[in-house]
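Q: Mind looking over this structure? Questions follow.
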Amino acid sequence: MYDLVIVGGGPGGVAAGVYAARKKIKTIIFAESFGGQSLVSAGIENWIGTKSVSGFDFAKMLEEHLRAQEDIDIVDGVLVQKVVKEGNSFKVTTSDGKEYQTKTVLLTSGSRRKKLGIPGEAKLDGRGVAYCSTCDAPIFKNKVVAVVGGGNAGLEAVLDLIPYATEIHLIQRSDVLKGDIITQEKIKSSPKVKVITMAKPLEIIGDKFVESLKYEDRNTGETKEIKLEGVFVEIGSIPNADMVKDSVELNKYGEIVVDHKTQRTSLPGIWAAGDVSDVIYKQNNISAGDAVKAVLDIYDHLNRSL
Amino acid sequence: MVKIYTTPYCVYCKMAKEFFKKNNVAYEEVDVTTDDKLLEEMVQKSHQMGVPVIDVNGEIFVGFNRPDIEKALKIS
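Here the protein sequences come in this chain order: A and B. The first sequence begins at 1 in the working numbering and counts up one residue at a time. The second sequence begins at 1001 in the working numbering and counts up one residue at a time.
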């Protein structure tokens, strides 16, 4: 029986693991991989104490810091599929079919990419529809592309594409871009970038590879079409809360509702922190801080229930 | 014979290469941004445009899924 199961290897999970190990809480952490969604970032420039680090190196830093702790069990490459309350403890089931018993659970399982859900997207996935701009931007050299999504991830995808693509259409559903002003200024200074606001993607068209994108101009209701060869989708994320969806309160976005003083969820014994929770700001630094808060509250809880 | 098609900042490519090194798997790396012909070769082999593409003795894998590659290389 473990005292604590931590789910996730992003900044939240790793911060929790480090604190739990130092508090000598009997802990096991499950990480599908390390680094969270920042893994694919070309450069993280706001992780405090580090001027700039690639997502890959960030993931390594986190993993090394965690593995430097004594007395913590680390299982990587598996997903937690189910967390079920059994009496005063919890049963945790993983994707490799194993089961673990624990007194408490901290969910720092983050979120995964949202897809557009429009015709052509699935069929042309990898055939011009792309979800990793740092990976695939160079492949669209001398091509016309679109980036869907005007948040930070969308703006960063545009930045990744500027050195390669000839023309980049940034498609945003609402009337303004949402990402950081500093990044907005960078992309607007490139003559290659065309920002299209009030645009709702309707269909991605192509036989073997992407040939065009249809969207609705939400100002006029007109359907428009851009001839292009690449569509990068950066429209936000879905919380990874499936393992507790029947037992813990979620909000309408599927995020786990927590008490923001302690990170407790609606089910005593389960805590959550980071992007899987209903925290307003999805940030590496905040996930780490909130996960630490959770571990300190878990530590008090474990001692109280001795 | 293992061949991996990459781009310079692709993190899954780096993860795959680290995995090969860790397991003493000899591999040839092809950076598809250096030559359009190499990119064409990758698209022909994999029928798609994302990296990494890993060719393990003619078996083509898109992306880096560790268990799949372990199976193909018979690494347990």
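Beta carbons: idealized from backbone N, C-alpha and C, even for Gly.
1. Could you tell me how far apart the beta carbons of A/V18 and A/H65 are, in whole angstroms, since I believe they sit closer than 8 Å?
2. If you reduce the DSSP assignment to three classes, tell me which class A/S89 lands in.
3. In the DSSP assignment, the beta strand (DSSP E) including A/A68 goes from what residue to what residue?
4. Using 9 Å as the threshold, is the C-beta distance between B/V1053 and B/L1073 below it?
5. For A/T197, name the three-state secondary structure that DSSP assigns.
6. Going by C-alpha to C-alpha distance, which of A/E70, A/K60, A/A42 and A/G55 sits closest to A/K23?
7. Quick check for students: name the residue ranges of the beta strand (DSSP E) that lie wholly in the stretch 119–207 of chain A, counting only runs of 3 or more.
8. Output the distance between the C-alpha atoms of A/D246 and A/M198, rounded to the nearest integer angstrom.
9. Please determine if the stretch 5–18 of chain A and the stretch 264–283 of chain A are in contact, where contact requires at least 3 C-beta pairs separated by less than 8 Å.
10. Against chain A, does B/G1058 count as a neighbour if the rule is that its beta carbon must be under 9 Å from one of theirs?
11. So, helix, strand or coil for A/P11, using DSSP?
12. Within 9 Å of any Cβ in chain B, is that where the Cβ of A/L155 sits?
13. Could you check if A/Q172 is buried or exposed, using at least 16 other CB atoms within 10 Å of its CB as the buried criterion?
14. From this set, B/G1063, B/Y1012 and B/K1017, which residue's C-alpha is nearest B/K1026's C-alpha?
15. Quick check: the Cα distance between A/I44 and A/S54, rounded to an integer number of angstroms?
16. For A/E99, I'd like the list of residues in its chain whose CB is within less than 8 Å of its CB, leaving aside the five on either flank, ordered along the chain.
17. From A/I238 to B/K1021, what distance separates their C-alpha atoms?
18. Please check if any C-beta of chain A sits within less than 9 Å of the C-beta of B/V1032.
19. Taking DSSP's pairing of strands, which residues face A/Q101 in a bridge?
20. Name the residue from A/L107, A/S52, A/I72 and A/E63 whose alpha carbon lies nearest to the alpha carbon of A/L79.
21. Pull the bridge partners of A/K214 from the DSSP assignment, please.
22. Quick check: the stretch 133–143 of chain A against the stretch 159–166 of chain A, are there 3 or more CB pairs under 8 Å?
23. Can you find a CB in chain A that lies within less than 9 Å of the CB of B/M1001?
24. So what's A/K282 in DSSP terms, helix, strand or just coil?
25. Just checking: is the beta-carbon of B/Y1027 within a distance shorter than 9 Å of some beta-carbon in chain A?
26. Hey, does B/Q1044 have any beta-carbon neighbour from chain A nearer than 9 Å?
27. Name the residues in the stretch 20–40 of chain A whose C-beta lies less than 7 Å from a C-beta of chain B; which are they?
28. A/E311 by DSSP, collapsed to three states: which one?
A: In short, the structure shows the following:
1. 6 Å
2. strand
3. Taken as a continuous stretch (DSSP letters only), A/A68 belongs to no beta strand (DSSP E), as it is neither H nor E.
4. no
5. coil
6. A/E70
7. 144–148, 167–171, 193–196 and 199–206
8. 36 Å
9. yes
10. no
11. helix
12. no
13. buried
14. According to the sequence shown, residue 1026 of chain B is Ala rather than Lys. The shortest C-alpha separation from B/A1026 is found at B/K1017.
15. 6 Å
16. K91, V92 and T93
17. 34 Å
18. yes
19. A/K91
20. A/L107
21. A/E203 and A/E225
22. yes
23. no
24. coil
25. no
26. no
27. L39 and V40
28. There is simply no residue 311 of chain A to check, as chain A begins at 1 and stops at 306 in what is shown.
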